[in-house]
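**Q** Pasting a structure below so you can have a look.
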Amino acid sequence: MTINFFDNDLTSLHNKLINKELTATELTQATLDNVAHTDEQLNAFISTNPEEALLQAKKIDDAHDFSDILTGLPVGLKDNLATNGIQTTGASRILEGFKPVYDATVVSKLNTAGAVSVGKTNMDEFAMGGSTETSYYKKTTNAWDATKVPGGSSGGSAAAVAGGLVPFALGSDTGGSIRQPAAFNGIVGLKPTYGRVSRWGLFAMASSLDQVGPFTRTVKDNALVLNTIAGFDEKDSTSADRDVPDFTAKLTGNVKGLKIAVPKEYFGEGIDPKVASTVKAAIAQLEALGATVDEVSLPHTKYGVAAYYIIMSSEASSNLQRYDGVRYGFRADDVQNLEDLYVKTRSEGFGDEVKRRIMLGTFSLSAGAYDAFFKKAAKIRTLLIEDFNRVFADYDVIVGPTAPTVAYGIGEEIDDPTAMYLADALTIPVNLAGLPGLSVNAGFVDGLPVGLQIIGKPFDEATVYQTGYAFEQASRLFEQLPKIAKKY
Amino acid sequence: MSETTISKEEVAHVAGLAKLAFNETELEQFTTQLDSILTIFDTLGEVDTEQVEPTYSVTENVNHLRQDVADNWHQKQALLENAPLEAADLIKVPAILDGEGE
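So the sequences go chain by chain: A and B. Just so you know, the working numbering puts 815 at position 378 of the first sequence, and the rest follows in order with no gaps. Just so you know, the working numbering puts 95 at position 87 of the second sequence, and the rest follows in order with no gaps.
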């Protein structure tokens, strides 16, 4: 049998499992077939685990308890989420063959709910990049155009959902790594509030910025997945001890009276004019639905990229010290002594982008540079947070583009790190401030999707989803499918 | 703030701190790239932050404490299976100093 995830959202699949129109085993097998059939083109997965997936599906069928919405539903996991006994590489050579001895908290939560992981998705090495081109293993392509990048760093998860290989996937977002690939692939991606979802078992890049979040084809599906993965975790000291509401509660389609702020800086220099006009048309549609829209200013936006690349690289250089070739993964040959082992393993095991960030971070934290760089960036972070606080005193959500352009060509920007870094300007401030941010499809430019970013107050994902849902239901852009959809 | 530049010697020094080694070509390339990224960093000098407190984390928490009881520690075999080289139930590494025997 075949299954088409373009015609079936999570609720529809769930109902088919309950009504015995479909078994979890059939669904898992059909998903594995989808991957085998389509991933030759997309290269969204680094590895699949058919045996484990089918075994889990059989257990679910035997129990026939579909009380949880996610029971029996297939999922793709970004390859920086630890999966017990299943290779997890972070798309780095230095972790080739590494099998974690535990599950990340989000993975355990999905397992408990009965979701079936079919494989690990491609990404930029250690989530460092915006195009999934820094992966040691393969290059993923955009679901809409095989000559374009899928975005990144969670490009494999985004392409897998947009290409119809899986109904949902998890990614991680440190500076835009969920929202930007969601935008580039025309799907829905959420970076939750910092602390909303446990980071335990997510390979740490920048610990004060990282969050795990869902990729789905629709806003409602996204909220359903967040319902499962959110919540306090004693294993993550930064996890928030707060109640988890039902994130679908405000999906009414109604935004009458909602106060939307549009920062003028998000339409400034560097934004493709066609992207700007597509996003402005989407905002006008929200206004037509009854929301009030005002232009506001977030004056420190232009300093976000510099502050982010200092803070992120500093935290990353420290987090990545653990990869030394001693306890797991790749170890260099022909070494003379222990010091030599560390240096050779790291020099051969890491790719250039990872080395660049380790170098930037080590420099920013070094004697003589700490005050001028690391501490200065932390002060700019305070100013960025104060910008958001001032706007959120009067508004419910902030709306603008997710990325300044649509997906660019594979190989076009990879040799110019400064251009790549500046492309993150619209997503980065959200991570620095710890806010929730959603990307939904706003329309198309030259056949490629444009992302509408919706930013909310801390822990107010429900209003972010409410806004995204109202636009999605009014625009019905999810009905437009990439050519690859004809494969099913 | 004056313009920050980074020399090849400084890049080599930072590489040493980060336990990375570069050949001459890589050193040239990383110096050029890091230098141009530092130009972006320098824009922060435009902002007066004299009276601003730094933010290092946005977490609401201070600390989560738990009972001091050992938990989740019977995993020696599983952990050793990931080690590139093991001997006598331990992870094996090369000598710390040159010339030390086995």
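The beta carbon of each residue, even a glycine, is placed where N, CA and C say it ideally should be.
#1: Tell me whether B:V77 is buried or exposed, calling it buried when 16 or more other Cβ atoms sit within 10 Å of its Cβ.
#2: A:P537 to A:T485, Cα distance in whole Å?
#3: Is DSSP giving B:M9 helix, strand or coil here?
#4: Could you check the C-alpha separation between A:E562 and A:G593 for me, to the nearest Å?
#5: Please report how far the alpha carbon of A:N579 lies from the alpha carbon of B:S65, in whole angstroms.
#6: For A:L450, list the residues DSSP reports as bridge partners.
#7: Cβ of A:G612 within 8 Å of Cβ of A:N868?
#8: Any C-beta of chain B within less than 8 Å: which residues of the region 576-594 of chain A qualify?
#9: Any beta carbon of chain B sitting closer than 8 Å to that of A:A815?
#10: Under three-state DSSP, which class holds A:I720?
#11: Using a beta-carbon distance below 8 Å, is A:E489 in contact with chain B?
#12: Could you tell me how far apart the beta carbons of A:N659 and A:L627 are, in whole angstroms, since I believe they sit closer than 8 Å?
#13: Nearest-angstrom Cα distance between A:F669 and A:G632?
#14: Would the beta-carbon of A:I720 be found less than 7 Å away from any heavy atom of the ligand NAP?
#15: Using alpha carbons as the reference points, say which of A:L726, A:G589 and A:Y925 lies closest to A:A860.
#16: Tell me the DSSP bridge mates of A:V625?
#17: Which value, in whole angstroms, describes the spacing of the CA atoms of A:W637 and A:T525?
#18: Looking only at its own chain, which residues have a Cβ that is under 7 Å from the Cβ of A:V716, when we skip the five neighbours before and after it?
#19: Which term fits A:I615, buried or exposed, when burial requires 16 or more other beta carbons within 10 angstroms of its beta carbon?
#20: Taking only beta-carbon atoms, is B:Q75 less than 8 Å away from chain A?
#21: Does A:T855 come out as helix, strand or coil in the three-state DSSP assignment?
#22: Is the Cβ of A:R793 closer than 8 Å to any Cβ of chain D?
#23: Which of helix, strand or coil does DSSP assign to A:I531?
#24: Would you call A:T653 buried or exposed, if buried means 16 or more other Cβ atoms sit within 10 Å of its Cβ?
#25: How would you write the range of the beta strand (DSSP E) that A:S484 sits in, first residue to last?
#26: Tell me where the alpha helix (DSSP H) around A:V553 begins and ends.
#27: May I have the straight-line CA-CA distance separating A:K437 from A:G705, to the nearest angstrom?
#28: Could you check whether the Cβ of B:T40 sits closer than 8 Å to any Cβ belonging to chain A?
#29: Helix, strand or coil for A:A907 per DSSP?
#30: Going by other Cβ atoms of all chains shown within 10 Å of its Cβ, with 16 needed for buried, is A:R768 buried or exposed?
#31: In whole angstroms, give me the CA-to-CA distance for B:E110 and B:I104.
#32: Is the CB of A:K812 under 8 Å away from at least one CB in chain B?
#33: Looking at the structure shown, is B:T67 part of a helix, part of a strand, or coil, going by DSSP?
#34: Does any CB atom of chain B fall closer than 8 Å to the CB of A:R424?
#35: Name the chain B residues whose beta carbon is nearer than 8 Å to that of A:M796?
#36: For A:D647, collect the residues of the same chain with a Cβ closer than 7 Å to its Cβ; drop the 5 residues on either side in sequence, then sort them by chain order.
**A** Reading from the atomic positions:
#1: Counted from its first residue, the second sequence places residue 77 of chain B at position 69. An exposed status is given to B:V77, since fewer than 16 other beta-carbon atoms sit within 10 Å of its beta-carbon.
#2: Start at 1 with the first residue of the first sequence, and residue 537 of chain A comes out as number 100. Start at 1 with the first residue of the first sequence, and residue 485 of chain A comes out as number 48. C-alpha separation (whole angstroms): 16 Å.
#3: In the second sequence, residue 9 of chain B corresponds to position 1, counting from 1. Residue placement at B:M9 cannot be trusted, given a pLDDT of 46 that sits under 50; what the coordinates show is reported in the next sentence. Of the three classes helix, strand and coil, the one that applies to B:M9 here is coil, per DSSP.
#4: In the first sequence, counting from the first residue as 1, residue 562 of chain A sits at position 125. In the first sequence, counting from the first residue as 1, residue 593 of chain A sits at position 156. If I take the Cα positions, the gap works out to 12 Å.
#5: Within the first sequence, the letter at position 142 stands for residue 579 of chain A. Within the second sequence, the letter at position 57 stands for residue 65 of chain B. Near 34 Å, if we compare the C-alpha coordinates of B:S65 and A:N579.
#6: Sequence index remark: in the first sequence, residue 450 of chain A carries index 13 (1-based). Secondary-structure assignment with DSSP links A:L450 through no beta bridge to anything.
#7: Position 175 of the first sequence, counted from the first residue, corresponds to residue 612 of chain A. Position 431 of the first sequence, counted from the first residue, corresponds to residue 868 of chain A. In this structure, A:N868 lies closer than 8 Å to A:G612 by Cβ.
#8: In summary, no residue of the region 576-594 of chain A has a CB separated from any CB of chain B by less than 8 Å.
#9: For this step, residue 815 of chain A is matched to residue 378 along the first sequence. True, the Cβ-Cβ gap to chain B drops below 8 Å.
#10: Position 283 of the first sequence holds residue 720 of chain A. Shown here, A:I720 sits in a helix according to DSSP, grouped into three states.
#11: Sequence index remark: in the first sequence, residue 489 of chain A carries index 52 (1-based). When Cβ-Cβ separations below 8 Å define contact, A:E489 makes no contact with chain B.
#12: By 1-based counting over the first sequence, the position of residue 659 of chain A is 222. By 1-based counting over the first sequence, the position of residue 627 of chain A is 190. Taking the Cβ atoms as the reference, A:N659 lies roughly 6 Å from A:L627, within the contact range of under 8 Å.
#13: Within the first sequence, numbered from 1, the residue matching residue 669 of chain A stands at position 232. Within the first sequence, numbered from 1, the residue matching residue 632 of chain A stands at position 195. Cα-Cα distance, rounded: 8 Å.
#14: Inclusion of the ligand NAP in the displayed structure is not the case, the ligand content being empty and no account of it being possible.
#15: Taking the first residue of the first sequence as 1, we reach residue 860 of chain A at position 423. If we check each option's Cα against that of A:A860, A:G589 comes out closest.
#16: Here the question's residue 625 of chain A lines up with position 188 in the first sequence. Beta-bridge pairing links A:V625 to A:T653.
#17: For the purposes of this step, residue 637 of chain A is identified with residue 200 of the first sequence, where counting begins at 1. For the purposes of this step, residue 525 of chain A is identified with residue 88 of the first sequence, where counting begins at 1. Roughly 14 Å between the two C-alpha positions.
#18: Sequence index remark: in the first sequence, residue 716 of chain A carries index 279 (1-based). Counting only Cβ-Cβ distances below 7 Å, and skipping sequence neighbours, we find G837, P838, A879, V887 and L889.
#19: Reading the first sequence from its first residue, position 178 is the one you call residue 615 of chain A. Buried.
#20: In the second sequence, counting from the first residue as 1, residue 75 of chain B sits at position 67. Output row for B:Q75: interface = no.
#21: Taking the first sequence and counting its residues from 1, one reaches residue 855 of chain A at position 418. Look at A:T855 here: in three-state DSSP terms it is helix.
#22: Reference to chain D is not applicable here, since the protein chains of this structure are A and B.
#23: Position 94 of the first sequence, counted from the first residue, corresponds to residue 531 of chain A. Correct three-state label for A:I531: helix.
#24: Here residue 653 of chain A is taken as the residue at index 216 of the first sequence, counted from 1. Counting the other CB atoms within 10 Å of its CB gives A:T653 a total of 16 or more, which places it among the buried residues.
#25: What you label residue 484 of chain A is simply residue 47 of the first sequence in a count that begins at 1. Unbroken beta strand (DSSP E) run through A:S484: F482 to T485.
#26: Reading the first sequence from its first residue, position 116 is the one you call residue 553 of chain A. For A:V553, no alpha helix (DSSP H) encloses it; the enclosing beta strand (DSSP E) starts and ends at V553 to T558.
#27: Because chain A in this structure spans residues 438 to 925, residue 437 of chain A falls outside the shown range and cannot be described.
#28: Residue numbering aside, residue 40 of chain B sits at position 32 when the second sequence is read from its first letter. Residue-level contact check: B:T40 does not touch chain A, since none of the beta carbons of chain A fall below 8 Å from its beta carbon.
#29: For this step, residue 907 of chain A is matched to residue 470 along the first sequence. Note: A:A907 maps to helix in three-state DSSP.
#30: In the first sequence, the residue the question calls residue 768 of chain A occupies position 331. Counting Cβ neighbours within 10 Å, A:R768 comes out buried, since at least 16 surround it.
#31: As a first step, residue 110 of chain B must be located in the second sequence, where it is residue number 102. As a first step, residue 104 of chain B must be located in the second sequence, where it is residue number 96. Caution is warranted here: a pLDDT of 47 is assigned to B:E110, below 50, making its placement in the model unreliable, and the coordinate value is therefore given only provisionally. When rounded, the distance between both Cα atoms is 11 Å.
#32: Counting from 1 along the first sequence, the entry for residue 812 of chain A is found at position 375. At a cut-off of 8 Å, the C-beta of A:K812 has a neighbouring C-beta in chain B.
#33: If you number the second sequence from 1, residue 67 of chain B lands on position 59. In the structure shown, B:T67 sits in coil (DSSP, three-state: anything other than H, G, I, E or B).
#34: This structure cannot speak to residue 424 of chain A, because chain A is shown only from 438 to 925.
#35: Position 359 of the first sequence holds residue 796 of chain A. Neighbours of A:M796 in chain B, taken as residues at a C-beta separation under 8 Å, are given in chain order as V19, V22, A23, A26, L28, F38 and L42.
#36: Locating residue 647 of chain A in the first sequence gives position 210, counting from the first residue. Setting aside the 5 residues that flank it on each side, A:D647 is surrounded in the same chain by S609, T611, R636, L639 and A641, each with a C-beta closer than 7 Å to its C-beta; the list follows chain order.
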